[in-house]
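In the numbering used here, the protein residues as written are 13 to 172.
Beta carbons are placed, not taken as given, at the ideal position from N, Cα and C, and that holds for glycine.
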């Protein structure tokens, strides 16, 4: 896949990374609600969602490597990522009590913060955009921004 990336423009690569993040949140949500394994969900997304056509609309191709890395890290380090999220949330709202889509989003973003390859401000911006895709009219994007800012400052203080 990396040889393919060499022929893509920077804008195309960014769109593929953004799509991979959106798909990762969807995959983590699906795993939580279906009790499917990470391998089964990964296969489903790669075989049936990346670049698929739904109702005449072609879905974006995602960055396969980023998608796999985010979901694998989120699953393998779920406990510390959830603890990081809990510390960023108000004490009365532990991660178990928040919207399941937001929980998946925080796990995906937390996974990227753990990997330290993407600058924290990029992670925050990208996942706030994902929140906007799921919650068009609510306050969730502002909430996501605040929580991710707190998480990023704790996970990557050197970047601030």
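Of the other Cβ atoms in all chains shown, 16 or more fall within 10 Å of the Cβ of residue 146; this residue is therefore buried. Considered as a whole, the stretch 36-118 harbours no complete run of any beta strand (DSSP E) with no fewer than 3 residues.
A direct Cα-Cα distance of roughly 42 Å separates residue 20 from residue 105.
Secondary structure at residue 148: coil, using DSSP grouped into helix, strand and coil. In summary, residue 97 is buried, with 16 or more beta-carbon neighbours lying within 10 Å of its beta-carbon over all protein chains present.
In this structure, residue 74 lies near residue 35, with their beta-carbon atoms less than 7 Å apart. Per the coordinates, the alpha-carbon of residue 128 lies some 8 Å from the alpha-carbon of residue 168. Here residue 125 is not near residue 171, since their CB atoms are 7 Å or more apart.
Assigned with DSSP and collapsed to three states, residue 25 falls in helix.
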